[in-house]
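Numbering (my numbering), first residue to last: 35 to 196.
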């Protein structure tokens with residue numbers, strides 16, 4: 035979805051009109067924030083490293099605040115969703131994805147940045163989004179294989195949210 039910032043055509047921006055068309059029916063959208071390589075956003079001049087606090091915050095801001103495709107030149111402007119419709123999707127551990135693993139510390143910091151404006155890196159939202167929906171993982175089965183480190187750590191972070 036965030037790939038639509040760089041290129042509207044093909045797989046990158048193709049989902050944006052669908053999301054816009056379903057926005058009133060969506061309960062939650064959890065975009066895959068991994069296996070994508072560097073993520074380009076309106077908030078940085080270079081690609082952001084998968085799993086970093088800045089990438090998690092920037093990708094979530096794009097879903098909430100919206101953005102214009104093709105590096106801000108159009109042709110499509112995605113309007114953004116309500117914060118309570120947005121969750122980020124992350125691999126549960128080293129067994130579940132080729133790239134994009136985020137540490138529990140980075141996930142916690144990103145959640146706190148987005149919901150409380152605390153623990154932000156270089157990228158910070160203009161306002162807090164206390165109703166941010168949360169985190170989805172791929173997959174709980176891989177998390178079990180990896181000792182449940184993701185679900186236990188992220189659960190603690192989610193419990194501390196507003």
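Here a beta-carbon is modelled for each residue, glycine too, at the ideal position from N, C-alpha and C.
Fair warning: this is a prediction, and the values are worked out from it, not measured in the lab.
Mapping DSSP to helix, strand and coil, what is residue i?
i           : result
residue 101 : strand
residue 90  : helix
residue 123 : strand
residue 79  : coil
residue 181 : coil
residue 168 : strand
residue 40  : coil
residue 135 : coil
residue 73  : strand
residue 49  : helix
residue 116 : coil
residue 187 : helix
residue 143 : helix
residue 157 : coil
residue 58  : coil
Using 8 angstroms for Cβ pairs, my map puts residue i next to residue j. What's the rounded Cβ distance?
i           : j           : result
residue 121 : residue 62  : 5 angstroms
residue 123 : residue 66  : 5 angstroms
residue 137 : residue 173 : Contact flag wrong, Cβ pair sits at about 18 angstroms.
residue 49  : residue 101 : So it is not a contact: roughly 13 angstroms between Cβ atoms.
residue 58  : residue 113 : So it is not a contact: roughly 12 angstroms between Cβ atoms.
residue 91  : residue 148 : 6 angstroms
Could you check whether the Cβ of residue i sits closer than 8 angstroms to any heavy atom belonging to the ligand FAD?
i           : result
residue 110 : Within the structure as shown, the ligand FAD is missing, as the structure has no ligands at all.
Going by DSSP, what residues sit across from residue i in a beta bridge?
i           : result
residue 111 : 102
residue 65  : 122
Is it buried or exposed, residue i, if we count other Cβ atoms within 10 angstroms and call 16 or more buried?
i           : result
residue 152 : exposed
residue 117 : buried
residue 157 : buried
residue 146 : buried
residue 194 : exposed
**Message:** For the segment 172 to 192 against the segment 156 to 164, do three or more pairs of beta-carbon atoms, one drawn from each stretch, fall closer than 8 angstroms, so that the two count as touching?
**Reply:** Contact between the segment 172 to 192 and the segment 156 to 164 is not established, with fewer than three Cβ pairs separated by less than 8 angstroms.
**Prompt:** How about the segment 79 to 93 and the segment 126 to 145: do they share at least three Cβ pairs that are nearer than 8 angstroms?
**Reply:** yes
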